[in-house]
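Protein sequences appear in the order of chains G and A.
All residue numbers for the first sequence refer to the UniProt record's numbering, where the first residue is 1 and numbers rise by one.
All residue numbers for the second sequence refer to the UniProt record's numbering, where the first residue is 1 and numbers rise by one.
Note that beta-carbon positions come from the ideal geometry of N, C-alpha and C, so glycine has one too.
Because the structure is a prediction, the values reported are computed rather than measured.
Below: the structure, in structure tokens.
Number of protein chains: 2
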Amino acid sequence: MRPQILLFGDSITQQSFRSGGWGAAVADIYSRKVDVVLRGYGGYNTRWALFLLHHIFPLVSATPPVAVTIFFGANDAALLGGTGKKQHVPVNEYKENLRRIVQHIKNLSRNTLVVLITPPPIDQQGRREFARSQYGDKASESPDRTNEVTGAYAEECVNLAKELGLPSINLWSKMQETEGWQKKFLSDGLHLTPEGNAVVSQEVVKIFDEAGFSDLPYDFPQHSEIDGENPEKAFLQQCAAV
Amino acid sequence: MRPQILLFGDSITQQSFRSGGWGAAVADIYSRKVDVVLRGYGGYNTRWALFLLHHIFPLVSATPPVAVTIFFGANDAALLGGTGKKQHVPVNEYKENLRRIVQHIKNLSRNTLVVLITPPPIDQQGRREFARSQYGDKASESPDRTNEVTGAYAEECVNLAKELGLPSINLWSKMQETEGWQKKFLSDGLHLTPEGNAVVSQEVVKIFDEAGFSDLPYDFPQHSEIDGENPEKAFLQQCAAV
Chain G
1 MRPQILLFGD
11 SITQQSFRSG
21 GWGAAVADIY
31 SRKVDVVLRG
41 YGGYNTRWAL
51 FLLHHIFPLV
61 SATPPVAVTI
71 FFGANDAALL
81 GGTGKKQHVP
91 VNEYKENLRR
101 IVQHIKNLSR
111 NTLVVLITPP
121 PIDQQGRREF
131 ARSQYGDKAS
141 ESPDRTNEVT
151 GAYAEECVNL
161 AKELGLPSIN
171 LWSKMQETEG
181 WQKKFLSDGL
191 HLTPEGNAVV
201 SQEVVKIFDE
211 AGFSDLPYDF
221 PQHSEIDGEN
231 PEKAFLQQCA
241 AV
Chain A
1 MRPQILLFGD
11 SITQQSFRSG
21 GWGAAVADIY
31 SRKVDVVLRG
41 YGGYNTRWAL
51 FLLHHIFPLV
61 SATPPVAVTI
71 FFGANDAALL
81 GGTGKKQHVP
91 VNEYKENLRR
101 IVQHIKNLSR
111 NTLVVLITPP
121 PIDQQGRREF
131 ARSQYGDKAS
141 ESPDRTNEVT
151 GAYAEECVNL
161 AKELGLPSIN
171 LWSKMQETEG
181 WQKKFLSDGL
191 HLTPEGNAVV
201 SQEVVKIFDE
211 AGFSDLPYDF
221 PQHSEIDGEN
231 PEKAFLQQCA
241 AV
């Protein structure tokens with residue numbers, strides 16, 4: 001059994017295996033070392049994520065994941081007055097829901113590396129343009145999300161990581177450090193372009209590598225180690241313990 | 001437990017989660033329905049793949065994969081006189097090795113859909129250019145692979161699929177139907193460009209869809225089915241059986 005990394009989140013996780021996606025990039029970087037398990041649920045907030053906890057992370061699991069990324073907040077931060085109001089979760093509840101998710105995973109396995117990722121920033125102009133491209137004149141004039149409100153969720157996500165001593169990625173801040181982040185990193189004011197995906201995979205891999213994941217062994221001999229005349233030798237050496 | 005699709009092959013499978021890769025595309029298309037498990041081994045031929053069979057497909061597995069793609073031959077077809085001679089496997093042995101792989105998987109589970117994929121065609125000029133870019137004047141003048149020889153392996157792969165009544169993808173033929181396949185589909189005369197990856201994912205998905213994979217259920221409610229006031233309702237309905 002290879003170690004597993006589980007990606008738990010909303011659409012930004014669900015879509016992370018599209019071309020240029022951050023999840024596929026992580027899977028590629030640790031190929032032959034780790035399996036990446038995709039558990040992304042488009043449109044979900046942390047309140048709904050709680051319903052999935054015992055299904056995705058059963059407490060009787062024989063082999064808990066070595067790492068979990070928890071990447072929610074983009075929907076929790078939807079405004080009560082906008083088209084995503086059903087998804088809205090108050091910021092304090094968001095933080096407590098995240099805490100329950102972390103605690104559940106830590107109950108499963110204290111050694112699992114849990115990484116909290118904040119929602120990305122919001123490009124309100126991009127959201128408006130996207131709404132108009134979808135609904136034309138019928139597009140709502142009130143914003144579904146604002147960058148400022150999403151920023152408050154990002155802050156609580158990072159605060160919780162500090163409280164619990166977990167690594168975190170403040171994507172909301174990080175992306176805004178780059179000139180032109182609005183169009184460079186976001187495709188519709190919210191979801192990620194390939195460049196935006198690259199920011200996530202770089203930050204995630206940085207944390208995983210600090211935890212030693214790049215030193216994990218390959219699951220079978222590299223072909224350069226195989227003697228064409230006596231292939232069994234390399235396999236006997238490396239597969240005996242598998 | 002979600003159903004699993006396992007991708008078993010050489011570097012063209014191992015690299016299939018790179019940007020634009022066919023494996024990631026399959027994972028994306030069936031996201032929330034199926035887990036795609038990557039078992040690609042760069043440089044491997046079918047002779048070496050046999051050493052992995054019992055590790056990758058243990059006979060005691062409680063949940064065998066619903067589908068397996070078997071995608072070898074690019075290294076088996078390396079010429080005895082070239083730089084990849086260590087990887088060479090005679091074409092008859094290649095066919096019998098493939099047969100053993102299929103039989104092992106079918107012993108594990110008769111219901112597993114096994115798909116045989118032939119190696120892609122070889123662009124010999126592309127191979128020469130690649131060798132020169134790597135080794136300059138020291139690059140070997142004798143080809144490591146030829147399109148004709150690889151074609152013989154592709155033919156035996158398809159023949160075996162017919163004998164065993166399995167679906168197959170003749171990538172060697174399929175790609176050569178397109179004008180300019182040499183540079184359009186191959187990055188170094190052998191490995192796949194994003195366009196080449198797209199050919200594979202389209203053909204694989206065609207077979208999976210014919211087997212009904214697109215009708216597999218989502219693993220949890222779509223967010224549109226969740227009532228914001230009573231979210232538990234959707235989860236009680238859909239998670240009771242999970």
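Are the CB atoms of residue i and residue j nearer to each other than 7 angstroms?
i: A/PHE208; j: A/GLU195; result: no
i: G/ASP76; j: G/THR118; result: no
i: A/GLN4; j: A/PRO65; result: yes
i: residue 311 of chain A; j: G/GLY228; result: An answer regarding residue 311 of chain A cannot be provided, because it is not within the stretch 1 to 242 covered by chain A.
i: G/ALA211; j: A/PHE17; result: no
i: A/ARG100; j: A/ILE122; result: no
i: residue 258 of chain G; j: G/VAL34; result: Residue numbering for chain G in the displayed model covers 1 to 242; residue 258 of chain G lies beyond these limits and cannot be assessed.
i: A/SER187; j: A/THR193; result: yes
i: G/TRP48; j: A/PRO90; result: no
i: A/GLY127; j: A/GLY189; result: For the record, residue 127 of chain A in the displayed sequence is Arg; it is not Gly. Their beta carbons are under 7 angstroms apart, which means A/ARG127 touches A/GLY189 by this criterion.
i: G/PHE235; j: A/PHE51; result: yes
For residue i and residue j, which I take to be in contact (beta-carbon distance under 8 angstroms), what is that distance rounded to the nearest angstrom?
i: G/ALA161; j: G/GLY73; result: No, G/ALA161 and G/GLY73 are not in contact; Cβ-Cβ is about 12 angstroms, not under 8 angstroms.
i: A/VAL204; j: A/SER168; result: That pair is no contact at about 11 angstroms.
i: G/PRO143; j: G/GLY82; result: 6 angstroms
i: A/VAL68; j: A/ILE105; result: 6 angstroms
i: A/PHE8; j: A/ILE70; result: 5 angstroms
i: A/SER19; j: G/GLY20; result: 5 angstroms
i: A/VAL102; j: A/LEU171; result: In fact, because the Cβ distance is near 18 angstroms, the residues do not count as touching under 8 angstroms.
For residue i, return the contacting residues in chain A, with the cut-off set at a CB-CB distance below 7 angstroms.
i: G/LEU52; result: PHE220
i: G/ILE226; result: TRP48
i: G/LYS86; result: GLY228
Just the chain G side, please: which residues come within less than 7 angstroms of residue i by C-beta, in chain order?
i: A/ARG47; result: PRO231
i: A/ARG145; result: Those within 7 angstroms of A/ARG145 in chain G number zero; the least Cβ separation is about 15 angstroms.
i: A/PHE17; result: ALA24, ALA27, ASP28, SER31
i: residue 265 of chain A; result: The shown model of chain A, from 1 to 242, leaves out residue 265 of chain A, and the question about it has no answer.
Can you tell me whether residue i is buried or exposed? The criterion is at least 16 other CB atoms within 10 Å of its CB, across all chains shown.
i: G/LEU98; result: buried
i: A/MET1; result: exposed
i: A/ALA241; result: For A/ALA241, the predicted model reports a pLDDT of 49, less than 50, meaning its position is unreliable; a value from the coordinates is still stated below. Per the 10 Å Cβ criterion, exposed.
i: G/ALA27; result: buried
i: G/GLY136; result: exposed
i: A/LYS95; result: buried
i: G/TYR30; result: buried
i: A/ASP215; result: exposed
i: G/GLY237; result: In the sequence on display, residue 237 of chain G carries Gln and not Gly. It counts as exposed.
i: G/ASN147; result: buried
i: G/GLU156; result: buried
i: A/ASN197; result: buried
i: G/HIS54; result: exposed
i: G/VAL199; result: buried
i: A/ALA62; result: exposed
i: G/GLN134; result: exposed
i: A/VAL60; result: exposed
What residues from chain G crowd round residue i, counting only those whose CB sits closer than 8 angstroms?
i: A/LYS138; result: Per Cβ cutoff of 8 angstroms: no residues; A/LYS138 is ~18 angstroms from chain G at best.
i: A/ILE207; result: Ordered by position in chain G, no residue passes the 8 angstroms Cβ test against A/ILE207, which lies about 19 angstroms from the chain.
i: A/GLN14; result: SER31, ARG32
i: A/TYR41; result: ARG32, PHE220, HIS223
i: A/GLY20; result: SER19, GLY20
Counting only Cβ pairs nearer than 9 angstroms, list the residues of chain A close to residue i.
i: G/TYR44; result: PHE220, HIS223, ILE226
For chain C, check one thing: does any of its Cβ atoms lie closer than 7 angstroms to the Cβ of residue i?
i: G/GLY81; result: Going by chain labels, chain C is absent from the structure shown, which instead holds the protein chains G and A.
Would you mind telling me which residues of chain G sit closer than 9 angstroms to residue i, beta carbon to beta carbon, in chain order?
i: A/PHE235; result: TRP48, PHE51, LEU52
Check your understanding: Does the stretch 205-225 of chain A come close enough to the stretch 25-44 of chain G to have 3 or more Cβ pairs within less than 8 angstroms?
Key -> Yes, the stretch 205-225 of chain A is in contact with the stretch 25-44 of chain G.
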